[in-house]
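Number of protein chains: 2
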Amino acid sequence: MKDQDAKTLSNTQRAVRDLRQMILSGELAAGTDHLESELAETLGMSRTPIREAALMLESKGLLEMRPRKGVRILPVSSDDMREIYDILTELESLAAQRAAEAGYSEDELAVLAGSIAKMDQAIEAEDLEAWAEADELFHQELVRLGGNKRVEAIVAMMSDQVRRARATTLFIRPLPVKSNEDHRVVFQAISESRPDVARERHREHRLQAQAMLCGILEKHRLTSL
Amino acid sequence: MKDQDAKTLSNTQRAVRDLRQMILSGELAAGTDHLESELAETLGMSRTPIREAALMLESKGLLEMRPRKGVRILPVSSDDMREIYDILTELESLAAQRAAEAGYSEDELAVLAGSIAKMDQAIEAEDLEAWAEADELFHQELVRLGGNKRVEAIVAMMSDQVRRARATTLFIRPLPVKSNEDHRVVFQAISESRPDVARERHREHRLQAQAMLCGILEKHRLTSL
DNA sequence: GCATTCTTTAATGTATACGCAAATAAATGC
DNA sequence: GCATTTATTTGCGTATACATTAAAGAATGC
Numbered sequence: 001m002k003d004q005d006a007k008t009l010s011n012t013q014r015a016v017r018d019l020r021q022m023i024l025s026g027e028l029a030a031g032t033d034h035l036e037s038e039l040a041e042t043l044g045m046s047r048t049p050i051r052e053a054a055l056m057l058e059s060k061g062l063l064e065m066r067p068r069k070g071v072r073i074l075p076v077s078s079d080d081m082r083e084i085y086d087i088l089t090e091l092e093s094l095a096a097q098r099a100a101e102a103g104y105s106e107d108e109l110a111v112l113a114g115s116i117a118k119m120d121q122a123i124e125a126e127d128l129e130a131w132a133e134a135d136e137l138f139h140q141e142l143v144r145l146g147g148n149k150r151v152e153a154i155v156a157m158m159s160d161q162v163r164r165a166r167a168t169t170l171f172i173r174p175l176p177v178k179s180n181e182d183h184r185v186v187f188q189a190i191s192e193s194r195p196d197v198a199r200e201r202h203r204e205h206r207l208q209a210q211a212m213l214c215g216i217l218e219k220h221r222l223t224s225l
Numbered sequence: 001m002k003d004q005d006a007k008t009l010s011n012t013q014r015a016v017r018d019l020r021q022m023i024l025s026g027e028l029a030a031g032t033d034h035l036e037s038e039l040a041e042t043l044g045m046s047r048t049p050i051r052e053a054a055l056m057l058e059s060k061g062l063l064e065m066r067p068r069k070g071v072r073i074l075p076v077s078s079d080d081m082r083e084i085y086d087i088l089t090e091l092e093s094l095a096a097q098r099a100a101e102a103g104y105s106e107d108e109l110a111v112l113a114g115s116i117a118k119m120d121q122a123i124e125a126e127d128l129e130a131w132a133e134a135d136e137l138f139h140q141e142l143v144r145l146g147g148n149k150r151v152e153a154i155v156a157m158m159s160d161q162v163r164r165a166r167a168t169t170l171f172i173r174p175l176p177v178k179s180n181e182d183h184r185v186v187f188q189a190i191s192e193s194r195p196d197v198a199r200e201r202h203r204e205h206r207l208q209a210q211a212m213l214c215g216i217l218e219k220h221r222l223t224s225l
């Protein structure tokens with residue numbers, strides 16, 4: 001429970017937050033159906049805010065509302081991840097380019113640098129959860145520095161689904177040492193204001209990560225189905 | 001009125017369609033506020049479907065719901081268009097690449113070829129409306145051929161806003177002769193299965209179009225405000 | 001025993017009612 | 001006359017009730 005629950009947040013907002021959390025945590029498993037009224041009872045509110053929340057989560061691609069069938073939690077297939085990574089590759093590369101063009105000061109790049117440091121520490125400690133968290137921070141901050149609000153929104157939307165897939169891949173994939181090097185190279189290009197380098201390096205980084213992760217998901221597809 | 005109105009479409013769906021249309025046509029002008037109850041009365045339904053529709057259109061960036069202020073129709077600034085075109089540049093270039101990789105047959109490329117033909121005719125006849133329509137078809141079909149459903153969804157979402165901006169630029173911009181040549185080059189690269197060429201040519205095409213259109217919007221910013 | 005139709009059920013789509021909070025208007029104190 | 005506080009209004013958030021319709025089950029005819 002956060003500090004504010006019934007206070008400043010509306011029921012609709014709580015429903016969005018809670019349902020999202022339940023989906024990401026797997027409490028609402030992929031592929032399962034749930035009636036609006038069940039969810040309403042679970043979260044202790046009426047159907048109205050549940051419907052509004054479901055509508056929002058539907059537009060984010062986390063679930064699907066089907067008349068008479070209830071809301072279905074959408075599974076994330078390897079094909080889905082391929083689509084998502086394709087988009088992230090393009091939009092994050094753009095962000096890297098724009099961030100390099102912007103000529104940020106060392107201070108303004110502190111969060112980005114910090115996330116790389118955290119990833120290094122996590123690798124050292126072989127703490128994959130911590131690494132994943134820092135990795136997400138890096139990508140999120142990179143996109144923020146890119147300065148395009150719509151890119152930010154799209155990436156945030158997709159990152160929910162990436163997070164779900166990561167639950168599968170994180171403990172199977174090789175230790176992300178190479179990944180950390182990639183991040184450093186991109187960071188350097190941004191801090192040296194070299195847009196084309198930042199763009200291309202990040203693009204390569206993403207393409208490699210995508211190939212690896214989709215490969216893993218493909219292999220384990222049968223397991224999860 | 002389409003063939004089906006009260007028949008197969010729910011009120012929520014009608015509200016989405018009608019509100020979207022009213023925004024695109026300018027009937028609901030950018031920057032204006034409207035109470036949920038007003039809109040409900042206008043469309044002859046209760047607030048519930050209006051709210052659900054507004055929620056969807058909000059996620060598409062056409063409007064904003066603000067407590068006690070009503071729903072605000074969001075204006076499209078030149079900054080907005082810069083953001084949108086940046087995204088379209090990246091995602092459509094990806095689509096062009098993927099379309100070229102897919103190795104479509106002549107038949108499968110018929111719609112794309114047709115849209116180019118229509119643009120040529122429109123230029124000939126100096127019919128800018130027809131040209132815009134064909135141009136939109138080209139980009140839409142290109143993205144479809146790219147085979148990424150999420151890209152399709154994002155582009156469709158943004159194209160609503162592009163359409164609103166076009167109302168400003170269409171009759172000011174130079175006759176899009178160069179644009180047609182660009183399209184032909186991209187088409188050829190796709191039909192010859194040359195992904196890198198398709199990607200780069202389309203990218204250049206988009207960057208030029210963006211620079212031109214944002215320039216126009218920038219100039220006429222004062223007029224519209 | 002199977003198929004078809006009717007009945008019933010159950011879940012959604014939508015209307016409506018109401019409480020609450022925010023914005024505006026009014027009133028009182030200084 | 002201005003500021004501050006109090007009333008009032010008004011629009012939203014949400015609960016709830018109801019109508020609609022699709023799906024499931026029962027029953028009847030063949």
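Line by line, the protein sequences are chains A and B.
For the first sequence, position 17 matches number 17 in the UniProt record's numbering, and the numbering has no gaps at all.
For the second sequence, position 193 matches number 193 in the UniProt record's numbering, and the numbering has no gaps at all.
Where is the CB? At the ideal position from N, CA and C, for every residue including glycine.
All figures in this text were calculated on a predicted structure; none of them were measured in a lab.
Pairwise C-alpha distance: residue j and residue i
| i | j | result |
| --- | --- | --- |
| Ile-84 of chain B | Ser-159 of chain B | 9 Å |
| Leu-213 of chain A | Asn-11 of chain B | 42 Å |
| Leu-57 of chain B | Glu-126 of chain A | 44 Å |
| Asn-101 of chain B | Glu-152 of chain B | Note that residue 101 of chain B is Glu in the sequence shown, not Asn. Approximately 17 Å, taken between the alpha carbons. |
| Gln-161 of chain A | Gly-146 of chain B | 21 Å |
| Thr-48 of chain A | Ser-37 of chain A | 10 Å |
| Pro-75 of chain A | Glu-141 of chain A | 27 Å |
| Ala-113 of chain B | Ala-95 of chain B | 16 Å |
| Met-1 of chain A | Gln-210 of chain B | The predicted model places Met-1 of chain A with a pLDDT of 42, which falls under 50 and marks its position as unreliable, so this point remains unresolved. |
| Lys-149 of chain A | Leu-91 of chain A | 12 Å |
| Met-119 of chain B | Val-186 of chain B | 14 Å |
| Met-157 of chain A | Asp-79 of chain A | 17 Å |
| Asp-182 of chain A | Pro-195 of chain B | 25 Å |
| Ile-123 of chain B | Trp-131 of chain B | 7 Å |
| Ile-50 of chain A | Asp-86 of chain B | 35 Å |
| Ala-110 of chain B | Arg-72 of chain A | 37 Å |
| Arg-68 of chain A | Leu-62 of chain B | 30 Å |
| Ala-165 of chain A | Ala-15 of chain A | 23 Å |
| Val-143 of chain B | Gly-44 of chain A | 43 Å |
| Met-22 of chain B | Glu-218 of chain A | 45 Å |
| residue 231 of chain A | Arg-199 of chain A | The displayed coordinates of chain A run from 1 to 225. Any statement about residue 231 of chain A would go beyond what the structure contains. |
| Arg-203 of chain B | Gln-97 of chain B | 10 Å |
| Ala-54 of chain B | Leu-9 of chain A | 20 Å |
| Val-197 of chain A | Arg-206 of chain B | 21 Å |
| Leu-24 of chain B | Tyr-104 of chain A | 38 Å |
| residue 227 of chain A | Glu-52 of chain B | Given a span of 1 to 225 for chain A in the structure shown, any question on residue 227 of chain A remains unanswerable. |
Beta-bridge partners of residue i, as assigned by DSSP
| i | result |
| --- | --- |
| His-34 of chain B | B:Val-71 |
Residue i in three-state terms, based on DSSP
| i | result |
| --- | --- |
| Arg-173 of chain A | coil |
| Arg-17 of chain B | helix |
| Leu-213 of chain B | helix |
| His-220 of chain A | coil |
| Asn-148 of chain B | coil |
| Glu-181 of chain A | helix |
| Glu-204 of chain A | helix |
| Arg-164 of chain B | helix |
| Thr-8 of chain A | coil |
| Arg-194 of chain A | coil |
| Asp-107 of chain A | coil |
| Asp-127 of chain A | coil |
| Glu-27 of chain A | coil |
Run of the beta strand (DSSP E) containing residue i, from where it starts to where it stops
| i | result |
| --- | --- |
| Glu-64 of chain A | 63-66 |
For residue i, the first and last residue of its enclosing alpha helix (DSSP H)
| i | result |
| --- | --- |
| Thr-89 of chain A | 78-102 |
| Met-119 of chain B | 110-124 |
| Ala-54 of chain A | 47-59 |
Open item on the list: Taking beta-carbon pairs under 7 Å, can you tell me which members of the region 66-89 of chain A lie near chain B?
Closed with: Listed by position, the residues of the region 66-89 of chain A near chain B (Cβ gap below 7 Å) are Glu-83, Ile-84, Asp-86, Ile-87.
Task: Interfacial residues, the region 131-158 of chain B to chain A, with Cβ spacing under 7 Å - done: Asn-148, Lys-149, Arg-150, Val-151, Ile-154
Open item on the list: Output needed in chain order: residues of the region 40-55 of chain B with a Cβ under 9 Å from some Cβ in chain A.
Closed with: Thr-48, Arg-51, Glu-52, Leu-55
Task: Contact residues within the region 89-107 of chain A, judged by C-beta distance below 7 Å to chain B - done: Interface annotation for the region 89-107 of chain A against chain B: Glu-90, Leu-91, Leu-94, criterion Cβ-Cβ distance under 7 Å.
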